[in-house]
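In what follows, a structure is listed as structure tokens, so that the remarks can point back to it.
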Amino acid sequence: MVTFSSVKTCALHFVFYSFLSEISNALFAQTNGSITLKTNKQQIQEILWKCDGHKIVDWDMNSTPIEFRQFKGRTALVPETGDLTIFGLKVEDSGAYEAEAVIEGIIHSVKHKVEIIDPVSKPIITCMESNDTSFLHCQAEGPHLSYSWSGPGLTTEMNGQIGPDISKVETNSLHTCVVKNPVSEKDEHYQAADCFLEEESEKPGLSGTIITLVAILSVLLLALAVALVVLYVLKRRIPKVKSNPEEMNQVHKKKDGQEGQESVTEVPCEKEGGGDQTEVKSLLVHSIMDSPSMQHSGIPPYCLE
1 MVTFSSVKTC
11 ALHFVFYSFL
21 SEISNALFAQ
31 TNGSITLKTN
41 KQQIQEILWK
51 CDGHKIVDWD
61 MNSTPIEFRQ
71 FKGRTALVPE
81 TGDLTIFGLK
91 VEDSGAYEAE
101 AVIEGIIHSV
111 KHKVEIIDPV
121 SKPIITCMES
131 NDTSFLHCQA
141 EGPHLSYSWS
151 GPGLTTEMNG
161 QIGPDISKVE
171 TNSLHTCVVK
181 NPVSEKDEHY
191 QAADCFLEEE
201 SEKPGLSGTI
211 ITLVAILSVL
221 LLALAVALVV
231 LYVLKRRIPK
241 VKSNPEEMNQ
251 VHKKKDGQEG
261 QESVTEVPCE
271 KEGGGDQTEV
281 KSLLVHSIMD
291 SPSMQHSGIP
301 PYCLE
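Numbers 1 to 305, taken from UniProt numbering, label the letters of the sequence shown in order.
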């Protein structure tokens with residue numbers, strides 16, 4: 001609770017407030033970490049900390065610190081100096097912080113710009129090719145990144161994601177990419193020989209050709225086997241046709257609803273005998289065939305001859 005009892009007029013207060021206001025450079029802190037905001041003051045009687053105009057902590061000599069909003073349970077205040085520590089930082093905690101401290105009736109304002117950012121991820125170095133030249137490239141994730149390189153043959157400091165050129169003559173050389181941001185730093189090493197191993201692995205070799213041919217041959221053999229199985233099954237399902245045409249000579253005549261029509265089936269038979277027996281058999285056949293029972297038997301007359 002900041003009071004202005006010691007300030008006689010609004011004009012005098014404005015002069016003091018403007019003159020004693022201090023703004024620090026931007027402060028960076030890592031997510032899930034902590035940050036301490038200092039006032040660089042002593043013998044503080046009252047102090048109010050704010051972030052983007054919203055109260056964080058309020059304290060005076062007659063009470064304990066009072067926390068506000070999402071900062072409850074996440075702050076520690078040193079009353080004598082007004083220094084404020086915030087724990088469990090989140091990206092949402094970024095903003096403009098301001099402390100209004102009362103010392104001997106005079107309000108002192110201290111401001112900090114705070115930015116909470118993630119640490120640098122592990123860098124990844126890749127060997128790349130351009131116009132028959134191999135070179136290294138470094139990539140990492142995070143805000144406010146800066147890249148630098150170290151290794152043999154670098155006479156001056158090399159900055160940026162693009163690294164040194166790689167030669168097959170110096171395959172034993174080791175290169176390092178260092179990535180920094182305001183809250184963290186990480187590095188990664190790369191052996192020059194690995195660059196050319198990657199190139200060789202990308203070229204199609206004899207082993208790859210053999211594997212391809214074996215795969216094609218296997219597919220063809222499998223297709224042939226399937227075709228043979230299908231032909232065998234179809235052959236089993238087709239009925240056999242008898243080679244004797246006399247045995248297949250069956251003619252079916254069906255009644256069409258008209259009176260007097262008969263259904264006769266001609267059945268093959270063998271004729272025997274000859275000579276004088278023909279006339280006797282013919283008379284016998286005609287007499288037998290005239291009977292009603294034989295008219296529908298389907299036996300042709302010549303079978304009785």
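Quick reminder that beta carbons are idealized off the backbone N, C-alpha and C, glycines included. Predicted model, so just to flag it, every value in this text is computed and none were measured.
Is any beta-carbon of chain B found at less than 7 Å from that of residue i?
| i | result |
| --- | --- |
| Asp187 | Annotation note: the requested chain B is absent from the structure, which comprises a single protein chain. |
Run through DSSP, which three-state label would residue i get?
| i | result |
| --- | --- |
| Glu46 | strand |
| Ser218 | helix |
| Ala26 | coil |
| Val229 | helix |
| Ile162 | strand |
| residue 307 | Any question about residue 307 goes unanswered here, given that the chain covers just 1 to 305. |
| Val120 | coil |
| Leu234 | helix |
| Lys113 | strand |
| Leu224 | helix |
| Glu92 | helix |
| Thr212 | helix |
| Lys203 | For Lys203, the predicted structure reports a pLDDT of 49, less than 50, and the residue's modelled location is therefore unreliable. A value from the coordinates is still provided. Lys203 falls in the coil class under three-state DSSP. |
| Glu157 | coil |
What is the residue span of the beta strand (DSSP E) that residue i lies within?
| i | result |
| --- | --- |
| His137 | 133 to 139 |
| Ser150 | 146 to 150 |
| Ser184 | 184 to 191 |
| Met128 | 124 to 130 |
| Gly95 | 95 to 103 |
| Lys55 | 54 to 60 |
| Lys180 | 174 to 181 |
| Val78 | 75 to 78 |
| Leu84 | 83 to 86 |
| residue 318 | In the structure displayed, the chain extends from 1 to 305; residue 318 sits before or after that span and is not available. |
Return the chain-ordered list of same chain residues with a C-beta closer than 8 Å to the C-beta of residue i, the five sequence neighbours on each side being excluded.
| i | result |
| --- | --- |
| Glu170 | Pro152, Gly153, Ala192 |
Exposed or buried, which one is residue i when buried takes at least 16 other CB atoms within 10 Å?
| i | result |
| --- | --- |
| Val219 | exposed |
| Thr36 | exposed |
| Ile125 | buried |
| His189 | exposed |
| Tyr147 | buried |
| Thr212 | exposed |
| Ala76 | exposed |
| Phe87 | exposed |
| Asp194 | exposed |
| Ile210 | exposed |
| Leu89 | buried |
| Ala223 | exposed |
| Val114 | buried |
| Ile216 | exposed |
| Val230 | exposed |
| Val102 | buried |
| Gly82 | buried |
Using a Cβ-Cβ cutoff of less than 7 Å, which residues in the same chain neighbour residue i once the five nearest sequence positions on both sides are dropped?
| i | result |
| --- | --- |
| Leu234 | none |
| Gly33 | Leu89 |
Check whether the Cβ of residue i sits closer than 6 Å to any heavy atom of the ligand MN, and report yes or no.
| i | result |
| --- | --- |
| Tyr190 | For the ligand MN, the structure offers nothing, since it holds no ligand at all. |
Tell me which same chain residues have a C-beta within less than 6 Å of the C-beta of residue i, skipping the five on either side of it?
| i | result |
| --- | --- |
| Ala29 | Ile35, Leu89, Ile116 |
| Met158 | Trp149 |
Practice task
Decide yes or no for the touch test of the region 61 to 70 against the region 115 to 124: beta carbon pairs closer than 8 Å, at least 3 of them.
Solution key: no
Practice task
Evaluate the contact criterion for the region 137 to 151 versus the region 100 to 118: three or more CB pairs, one atom per stretch, below 8 Å.
Solution key: yes
Practice task
Say whether the region 42 to 57 touches the region 92 to 107, bearing in mind that this needs 3 or more beta-carbon pairs closer than 8 Å, one atom from each stretch.
Solution key: By the C-beta criterion, the region 42 to 57 is judged to be in contact with the region 92 to 107, since at least 3 inter-stretch pairs fall below 8 Å.
Practice task
Could you say if the region 126 to 138 and the region 167 to 183 meet the contact criterion of at least three C-beta pairs nearer than 8 Å?
Solution key: yes
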